[in-house]
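Working notes, structure below.
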Amino acid sequence: MSFEFPLLSLIIWLPIVFGVAVFATGDDRNAQIARWISLIGSILGFLVAIPLYTNFDSATGAMQFLENYQWFERFNVNYHIGVDGISMPLILLNCFITPIVVVAGWEVIKERVSQYMGAFLIMSGIVNGVFSSLDAILFYVFWEASLIPMFLIIGIWGGPNRVYAAIKFFLYTLLGSLLMLIAFIYLYHASEGSFSIEDYHNLAIPMTPQILIFIAFLLAFAVKVPMWPVHTWLPDAHVEAPTGGSVVLAAILLKLGGYGFLRFSLPIAPDASHYLAEMMIVLSLIAVVYIGLIALMQADMKKLIAYSSVAHMGFVTLGFFLLNAYGIEGAMVQMISHGFISGAMFLCVGVLYDRLHSRQIADYGGVVNKMPVFAAFFMLFAMANAGLPGTSGFVGEFMVIMSAIKVNFWYAFFAATTLITGAAYTLWMYKRVIFGAVASPGVESLQDISKREFGLLAILAISVLWIGIYPFPLTEVMHATVDQLLTHVSNSKL
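Residue numbers for the sequence shown, in this note's numbering: 225 to 718.
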């Protein structure tokens, strides 16, 4: 449907305007003003996004809330935006996570407060632009722009090796994106001068160019997900990033890669997607099984959760390339669920790090004796991370495994190993950190979570349980879009 009020533009530009206003507060003498402007901007950003859901027509797979204005007339580049059942839930997730990150850094960030808060707000608007762009150049501009705030967040407020981690993050994602730009230039000429993504979906492209386009998109999106073997930037980025940076990186930025497969790879190169599906499934299963085993070996809590993210996102790409409705919808639910669970897990590690300034599992033990409320929240999120039924972590994984068994028993068998390895690395970490006698004077001095921290974890706990118990509102909005996508992919253009 078309929407007269430019709602999507408001959702994109409101956080960016507030981000600039936060920058304008200047140095740390106005830190409290910067915090409040950031909080107001992030909450308003979420509130204005709610009509996307309430006014969304889930009966159609067509684009809704459309806006289309000329940008560069000579090259037929337009400010063309809209959402469907795939992009709308991701925009809501992004707008939901942003205020949580602002509040999470409220007391922790003491230097360059305005730049820190402003970077998150600007990144929130840019990511909304990525999810809603229907013009290839507009998409590419937003896609590349999203790198800049995270590069600064890691590089300025990160740990001792922050510069190395930030540059590695930037180079990996930038180099992959350049191949995507080459694919866009080819598609521009193949479509006789259009940058419209919807026009690209209807092109009849020969098989060889399709495969090359698919590979170009694969290298851009696989780095972002990240898939094995281009995942090595992620643990470094997570370990060095501040808590808020880790939350947004895991909850939001990894989803850009998954979204790219659904918006570009599958509909633009459907025959290549079928041809290379088995390769994608194998790469995804390697991430699920092998990276899960690597997570077992980690001594650093953040690094363990980072590898856990790679394994869980392996489920996402597995679901996409099973090429059936259960798989794609399960992968989408997994993306949203992972946003809540991974964000919560990184916040829990941040709560401990803020008190003891260590992420090493060996430095903890007996935390439940001093922080029982925190231990209860951490238990819920750890169980969700392991895929406990009744939590959001179970729903997406179960749907993908059910989808896999329809295609090949062994795909389902190897995918299901995550229910064992996921429980092993998550609960083993939880046992060593939380249970037992108080292990050190540092743990002895710990204070339980504050009201601010309780509020953040409670909101995420409700979200995890809500999707776990009643996922229907989420699956309903994406059903028509997924059906339309599969119909499009199954009808060969050759």
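Ideal Cβ positions, reconstructed from N, Cα and C, are used throughout, including at glycine. Only a predicted model underlies this, so the values are computations on that prediction, with no experimental measurement involved.
Please report the residue range of the beta strand (DSSP E) in which residue i lies.
| i | result |
| --- | --- |
| Phe659 | Here Phe659 belongs to no beta strand (DSSP E), and DSSP marks it neither H nor E. |
Should residue i be labelled buried (16 or more other beta-carbon atoms within 10 Å of its own) or exposed?
| i | result |
| --- | --- |
| Trp457 | buried |
| Asp281 | exposed |
| Ile409 | exposed |
| Ser669 | exposed |
| Met225 | Any reading at Met225 is ruled out, since the residue's pLDDT is 44, under 50, leaving its predicted position unreliable. |
| Gly353 | buried |
| Ile644 | exposed |
| Ser714 | exposed |
| Phe296 | exposed |
| Ile437 | buried |
| Tyr293 | exposed |
| Asn279 | exposed |
| Lys630 | exposed |
| Gly329 | buried |
| Leu402 | exposed |
| Met607 | buried |
| Met503 | exposed |
| Val387 | exposed |
| Lys675 | exposed |
With DSSP as the reference, please indicate the residues paired to residue i in a beta bridge.
| i | result |
| --- | --- |
| Asn302 | Gln294 |
| Gly288 | It is Gln, not Gly, that sits at residue 288 in the sequence shown. Paired residue(s): Val307. |
| Asp672 | Answer is none; Asp672 lacks a bridge partner. |
| Leu524 | Sequence inspection shows Asp at residue 524; the Leu mentioned does not correspond to that position. Asp524 pairs with Gln584. |
With DSSP as the reference, label residue i as helix, strand or coil.
| i | result |
| --- | --- |
| Ser497 | helix |
| Ser664 | coil |
| Tyr587 | One detail in the question is off: residue 587 reads as Asp in this sequence, not Tyr. If DSSP states are grouped into helix, strand and coil, Asp587 belongs with the helices. |
| Ser420 | strand |
| Asp251 | coil |
| Phe227 | A caution first: Phe227 carries a pLDDT of 45, below 50, which makes its placement in the model unreliable, though a value can still be read off. It is coil, neither helix nor strand. |
| Asp359 | strand |
| Ala273 | helix |
| Gly679 | helix |
| Trp733 | In the structure displayed, the chain extends from 225 to 718; residue 733 sits before or after that span and is not available. |
| Val471 | helix |
| Met451 | coil |
| Ile333 | coil |
| Ser489 | helix |
| Asn318 | helix |
| Pro239 | helix |
| His428 | Correcting the residue identity first, residue 428 is Ala in this sequence and not His. DSSP places Ala428 in coil when its eight states are reduced to three. |
| Pro613 | coil |
| Ser282 | coil |
| Ser233 | helix |
| Leu480 | helix |
Tell me which residue opens and which closes the alpha helix (DSSP H) that residue i is part of.
| i | result |
| --- | --- |
| Gly563 | 549 to 580 |
| Asn352 | 337 to 356 |
| Phe622 | 616 to 631 |
| His413 | 386 to 414 |
| His703 | 696 to 714 |
| His462 | 457 to 464 |
| Gly383 | Taken as a continuous stretch (DSSP letters only), Gly383 belongs to no alpha helix (DSSP H), as it is neither H nor E. |
| Thr641 | Premise fails: Thr641 is in no alpha helix (DSSP H) and is neither H nor E. |
| Phe598 | 596 to 609 |
| Ala215 | Given that the chain is displayed from residue 225 to residue 718, the structure contains no residue 215 and the question cannot be resolved. |
| Met431 | 431 to 448 |
Quick check on residue i - is its C-beta less than 8 Å from some C-beta in chain B?
| i | result |
| --- | --- |
| Val387 | In summary, chain B is missing from the structure at hand, where a single protein chain is found. |
Inter-stretch contact at 8 Å, needing at least 3 Cβ pairs: the region 323 to 331 / the region 361 to 369: no
The region 435 to 455 / the region 464 to 481 touching (three or more Cβ pairs under 8 Å): Touching, per the Cβ criterion.
Meets three-Cβ-pair contact criterion under 8 Å: the region 305 to 321 and the region 650 to 668: no
The region 507 to 516 / the region 534 to 550 touching (three or more Cβ pairs under 8 Å): yes
Contact the region 342 to 350 vs the region 406 to 425: 3+ CB pairs below 8 Å: no
Any 3 or more C-beta pairs closer than 8 Å across the region 428 to 442 and the region 486 to 498: By the Cβ rule, the region 428 to 442 counts as touching the region 486 to 498, because three or more pairs are nearer than 8 Å.
Cβ contact (3+ pairs, closer than 8 Å) linking the region 549 to 562 and the region 692 to 702: The way I'd put it, the region 549 to 562 does touch the region 692 to 702; three or more beta-carbon pairs between them come closer than 8 Å.
Segment contact flag, the region 328 to 342 with the region 240 to 250, C-beta cutoff 8 Å, min 3 pairs: yes
Stretch pair the region 595 to 609 + the region 666 to 684: three plus CB contacts closer than 8 Å: Taking 8 Å as the limit for Cβ pairs, the verdict is that the region 666 to 684 does touch the region 595 to 609.
Sufficient close CB pairs (3 or more, under 8 Å) joining the region 468 to 477 to the region 304 to 311: no
Any 3 or more C-beta pairs closer than 8 Å across the region 602 to 617 and the region 565 to 577: The region 602 to 617 vs the region 565 to 577: in contact.
Inter-stretch contact (C-beta, 8 Å, three-pair minimum) for the region 701 to 712 and the region 626 to 638: No: fewer than three Cβ pairs fall under 8 Å.
At least 3 beta-carbon pairs within less than 8 Å: the region 651 to 659 vs the region 580 to 593: The region 651 to 659, when compared against the region 580 to 593, does touch it at the 8 Å Cβ threshold.
Meets three-Cβ-pair contact criterion under 8 Å: the region 673 to 683 and the region 462 to 469: no
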